[in-house]
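Residue numbers (my numbering), protein chains in the order written: chain A, 9 to 497; chain B, 753 to 1175. Below: the structure, in structure tokens.
In structure tokens form, the structure reads like this:
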């Protein structure tokens, strides 16, 4: 059904899109994220100009390394993007991740409060630019990062954070196979892919029609400010040039995971259930919190044990098999981050999936820190090495996609008719495990994940990168960046 | 159990009194002093209540529409008792707010307060009640029932879990019977009083009967109305301005402090007799629908609204919509767009600037961005808001009702197992 809706104007321009929109780079196991502040806008634009030719387009499948760039709104201002253009961004982008209301709805409070963040904190240095560097192996990545770093310094950029990732395999730090369910763009990728997860391009890529047939908010440039015609035309038909087209909004968050805390809690809770706290009971309970077994098999398909044959299973729904959550609890992590056909209107129907599909995210996160085996975590040998996930997601409507998922599905204690049950993995709270008769209830699951930093960024199309590099002269009215706050203010 | 009624008071503001009124509202709102807060909790049967300053506006024809103070409450009948308690229990704190309103007595007493409220009371064109006839006592009893049963099951799970569902149900019934505060839950709640039910039954039948009698005229008028509608829709201008950042931030600062939120949107109607007649007709039909069709837990697919109402103001040149809903304003607006766009279109498209509709029901809210911007621009901050059960969503309240209902009557083993899934 979805494929038939593609028309010529909906066909995505892969050569202008950054490849991150199409690929998670499973083959490029090493990655590093570099966060910069712009100190000298002129030099930074030169750096960008050189970078534009090296950014990996979606039209190429890289074999050895890939390079991507994202810019925050303060960064765009600093590069000289005039207010009139910046105003085209949605409010969430312009205000950034750390307003009081946004912290409240994202759950960035207490230990996760932005004033404690390592980067992106309100009083810390402004994050302006982010490089996402990928290599097939560490030995290929390291020289590339070193080279980029040198060029960045010459380019008037000051390093705010260098975030190294760790290849810990397909499972995240709690030990669960991750990243299985991903929305696919209409008309791209495997044609056999599950139709439930196929979205119109505009849900993930700016400048295209979304599931409502509309175009998400994005910055536009008046034709006289782009005399060279670097930017694509506005697909909506205005005379403006589209700075957003083929770009996306990138959410970056450092989520620290308390792996010893997680397994000790699960071990303890499994004991209290009167079971022997053997490995099997622990894994069964932890899998109830997640909604998949460590190997990836979804509980709704394999309720009693892990099943390697279902490791990547994603073609399933909830309502017909498990409306009460006796297999996969209603509050389980994967059932709330992607409820499929569980929710109103009309659970179990295509209508339910269509509405849920207005709230999908393309995830591109990477783990950091050394893996901690469960036995070591339980032994309690005081392993306090930081570890966690650099959460990255792409979407075009932050309030309807990322923020909605975070507020209404992940953090709401009332998700799916529940009473006081936020996401047990991301937020903690009480957690019910339905059975055939009396449910089991974990009264207070602690919080295992702490936010350590974050920013909303614009992932520009490649022509848009070139345009940003050309800014100084065109229409920015003198020395750019004067109106913006200096780094560190 | 009583049925529910909606009180709306729309009071004019004393010349120059606006700022003082706003200060008084803030003092009575969240973060304000306790003695300035109207003690709705001490009055009988108040589910929700609010006081807010409605901003000045301009009518569709360009005339100024003044600022007003609006008091709204959703309460158990009789309304008379509620008004008395407002003037008596709530008197002194109401005075601190209402004394900035035009014509409010200088030395108020319960009788003169009452006369003032009655003078400025208006009735809602449409008043939605999540579940008609479910009184506050019932909501609170069933909420307590659920909480107590949660603890009971936590403590006795090991001995109960392996037993047949029917036996577990019996044990639960015994437990409830042993608790004098919960024992009433073993019986079914009484229906609303007979006079109310007879009145509703007559209304249910009489309206269609009247329409049937008028059908020869309506059959001629309807096609004409559709033609005029299409002409109007062709001339409609949608207002694509984005809301002011500071306005959105101010609204957001008031939102999401609990799992419920109050919503108010107000705006002028498009000018001319056609839109005025159409709005009156649509809201009249909507009122019939919410009284007789959408009167239990489900407003055409939306299950997150506790109470809602549409009220005409300023000689039908302006409409106020107010509701008490669960979750975020983003999810609320998404519900509007994804589940009841047709209903929003039929009512709100008569307002100036609404995204363009086709045949009254289509388009409109489906234009997501313009719709959300229009709603945000017309949204009004609610300075004073009260909820009697701020920790319960409408879905929770309805599930609690089903939990209680399952305590009485006979059940098969399968029904008992399904019932146990409720807690």
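For glycine and all other residues, C-beta sits at the position ideal for the given N, C-alpha and C. Treat the numbers as computed from the prediction; the structure is a model and nothing was measured.
Contact of residue 900 of chain B with chain A is not assigned, every C-beta pair being separated by 7 Å or more.
Among the residues of chain B, none has a CB under 9 Å from the CB of residue 409 of chain A; the nearest is roughly 10 Å distant. The segment 965-1045 of chain B is shown to contain whole alpha helix (DSSP H) runs of 4 or more residues at 997-1006, 1025-1044, in chain order. Around the beta carbon of residue 755 of chain B, a 10 Å sphere encloses 16 or more other beta carbons of the protein chains shown; the residue is thus reported as buried. Residue-level contact by beta carbon fails for residue 251 of chain A and chain B, as no gap is shorter than 7 Å. Its chain contains 377, 378 as the residues whose beta carbon lies nearer than 7 Å to that of residue 393 of chain A, once the 5 sequence neighbours on both sides are disregarded; these appear in chain order.
Listed along the chain, the chain A residues whose CB falls inside 7 Å of the CB of residue 1145 of chain B are 422. According to DSSP, residue 73 of chain A shares a beta bridge with A:143. With the criterion set as a beta carbon lying under 8 Å from some beta carbon of chain B, the members of the segment 446-465 of chain A are 446, 447, 448, 449, 451, in sequence order.
Judged by their CB atoms, residue 453 of chain A and residue 909 of chain B are not nearer to each other than the 7 Å cut-off. Around residue 146 of chain A, the same chain offers 38 as residues with beta carbons nearer than 7 Å, after the five sequence neighbours per side are excluded.
In the DSSP secondary-structure assignment, residue 137 of chain A is bridged to A:44, A:79.
Scanning chain B for C-beta atoms nearer than 7 Å to the C-beta of residue 443 of chain A yields 913, reported in chain order. A check of alpha carbon separations from residue 127 of chain A across A:162, A:84, A:168, A:108 identifies A:168 as the nearest. For the segment 354-368 of chain A, the set of positions with a beta-carbon nearer than 7 Å to some beta-carbon of chain B reads 363, 366 in chain order. Note on residue 1104 of chain B: 16 or more other CB atoms within 10 angstroms of its CB, so buried under the neighbour-count rule. Taking the beta carbon of residue 80 of chain A as reference, no residue of chain B falls within 9 Å; the closest one sits roughly 17 Å away. Around residue 181 of chain A, no beta-carbon contact reaches into chain B at under 8 Å, the shortest distance being about 30 Å. For residue 167 of chain A, DSSP records a beta bridge to A:44. DSSP, reduced to helix, strand and coil, places residue 376 of chain A within a strand of the structure shown. Shortest Cα-Cα distance from residue 1157 of chain B to any of B:758, B:1017, B:1096, B:1171 involves B:1171. In the DSSP assignment, residue 1073 of chain B is bridged to B:1017, B:1062. Buried is the label assigned to residue 105 of chain A, since at least 16 other Cβ atoms lie within 10 Å of its Cβ. For secondary structure counted as the beta strand (DSSP E) over 3 or more consecutive residues, the segment 383-419 of chain A holds these complete runs in sequence order: 396-403. Minimum Cα-Cα distance from residue 990 of chain B among the listed residues B:882, B:1134, B:1106, B:1114 corresponds to B:1106.
The beta-bridge partner set that DSSP reports for residue 762 of chain B consists of B:822.
Judged by beta-carbon spacing, residue 262 of chain A lies beyond the 7 Å limit of residue 457 of chain A, meaning their Cβ atoms are not closer than that value. Taking C-alpha positions only, residue 162 of chain A is separated from residue 129 of chain A by approximately 26 Å. When 8 Å is used as the limit between beta carbons, residue 412 of chain A is near these residues of chain B: 1080, 1082, 1083, 1086, in chain order. When secondary structure is reduced to three states using DSSP, residue 1094 of chain B falls in the helix class.
Under the 8 Å Cβ criterion, the segment 859-869 of chain B counts as touching the segment 824-841 of chain B, having at least three qualifying pairs.
Proximity of residue 113 of chain A to chain B, defined by a Cβ-Cβ separation below 7 Å, is satisfied.
Secondary structure note for residue 927 of chain B: its alpha helix (DSSP H) is the uninterrupted segment 917-929. For the pair residue 176 of chain A and residue 1057 of chain B, the Cα-to-Cα distance works out to about 46 Å. In terms of Cβ geometry, residue 1089 of chain B and residue 1117 of chain B form a close pair [threshold 7 Å]. Between residue 817 of chain B and residue 1069 of chain B the beta-carbon gap is near 6 Å, inside 8 Å, which marks them as a contact.
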